[in-house]
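Per the working numbering, the very first residue in the sequence shown carries number 32; after that it's consecutive.
No residue lacks a Cβ here, since even glycine has one placed at the ideal position from N, Cα and C.
Just so we're clear, the structure is a prediction, and the values are computed from it rather than from any experiment.
Here's the structure, in structure tokens; my notes come after.
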Amino acid sequence: MLPEEVYDVAQKKGMLHFFHANSLATSISLLKLNSLASRKHVESSGLAQTVQYTDDIDKSLGVWNDVFLDTVDIHRRASRRNNYGPILFVFDSKIILSASGVRITKTNPSKWQINTPIEQRYFTSIAELDTDWNAGNFDQMITLQTPNGAIPFDRNFLSVIIDDPATGDAPSKDYIAAEEEVSKLTNRTITRRQCTSWCKCKENYQSSWITSKMFSI
Ligand SMILES: [Zn+2]
């Protein structure tokens, strides 16, 4: 499917923004590369990248050099921590026009087997996408293909939202450190995430190992 065709469907469905969440360490690498980059691209650059349990399977499934985006802010929509990380990059949905190819998954690649047929992995026609692509479905991820696995940050990179893992009203030291590092590398607006009272993220961050994994530099 052509990026232009997919963009038109996204527009029709009211998807104005796309999102990419990551750990602090990987986010810093993306900012240093001044690009939204694939796992492969970050690894090849020699910059830091937080390990994900899907890394090996991603390589064998052919998505290691893809750039991943979500159609919603998962943390906000699901009222829980985003498993990919506390740093959220917000883009204009026009970002997909910068790719040479785009595919929308039907399920998260972590659920695929090596022999999962292509039509079970991805939407295979614009008509199918038009009917079944929903912003609320977290399994349906946008994967972008480019020759080098990176999309330079340009005017489509709008802002950054950072989680605060602590419960207090005042910014915690994890948040302050993250904001400081991110602000050194971008002039985009950075905001401290405001959660609803029923959001589970503070509870999710209570297990300290996840907080230190996600907020370490
Ligand atoms: Zn929250």
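query                                                                                                                                                                                       : result
Taking any heavy atom of ligand 1 as the mark, which residues have a C-beta closer than 5 Å to it, listed down the chain?                                                                   : C226, C230 and C232
Below 8 Å on the Cβ atoms is my guess for I118 versus S58; work out the distance and round it to an integer in Å.                                                                           : 4 Å
Measure the C-alpha to C-alpha separation of Q171 and T155 and round it to an integer number of angstroms.                                                                                  : 13 Å
One question on the structure: do R249 and S238 come within less than 8 Å of each other, judged by their Cβ atoms?                                                                          : There is simply no residue 249 to check, as the chain begins at 32 and stops at 248 in what is shown.
Grab me the residues of V73's own chain with a C-beta within less than 6 Å of its C-beta, minus the 5 sequence neighbours each way, in chain order.                                         : S60 and Q80
Can you check which of these residues, I135, A130 and R112, is closest to D101 by C-alpha distance?                                                                                         : I135
Is the region 168 to 188 in contact with the region 227 to 242, if contact means three or more CB pairs nearer than 8 Å?                                                                    : no
Starting from the C-beta of K71, find all residues in its chain whose C-beta is less than 6 Å away, skip the five residues before and the five after it, and write them out in chain order. : W95, N96 and G180
Looking at V213: is its Cβ nearer than 8 Å to the Cβ of L62?                                                                                                                                : yes
Let's see if you can read the secondary structure: which residues bound the beta strand (DSSP E) around D123?                                                                               : I118 to D123
Straight-line CA distance for I157 to I173?                                                                                                                                                 : 14 Å
How far does the beta strand (DSSP E) with Q42 in it reach, from first residue to last?                                                                                                     : Not the beta strand (DSSP E): Q42 falls in the alpha helix (DSSP H), residues P34 to K43.
Restricting to Cα atoms, I'd like to know which of Q176, S110 and G93 is closest to S131.                                                                                                   : Q176
Would you mind sorting N113 into buried or exposed? The rule is 16 or more other CB atoms within 10 Å of its CB.                                                                            : buried
Using DSSP with H/G/I as helix, E/B as strand and the rest coil, what is R186?                                                                                                              : coil
Give me the residue from G93, V37 and H51 with the minimum Cα distance to G45.                                                                                                              : V37
Smallest Cα separation from K43: which of R223, D163 and I192?                                                                                                                              : D163
Is S124 closer than 8 Å to A52 when the C-beta atoms are compared?                                                                                                                          : no
Tell me, to the nearest whole angstrom, how far the beta carbon of I88 is from that of S141; I am working on the premise that it is less than 8 Å.                                          : 7 Å
Could you please give me the residues that DSSP links to V98 through a beta bridge?                                                                                                         : L175
Where does F154 sit, in a helix, a strand or coil, going by DSSP?                                                                                                                           : coil
I believe I248 touches A56 by the beta-carbon criterion, under 8 Å. Please report the beta-carbon distance rounded to the nearest angstrom.                                                 : 6 Å
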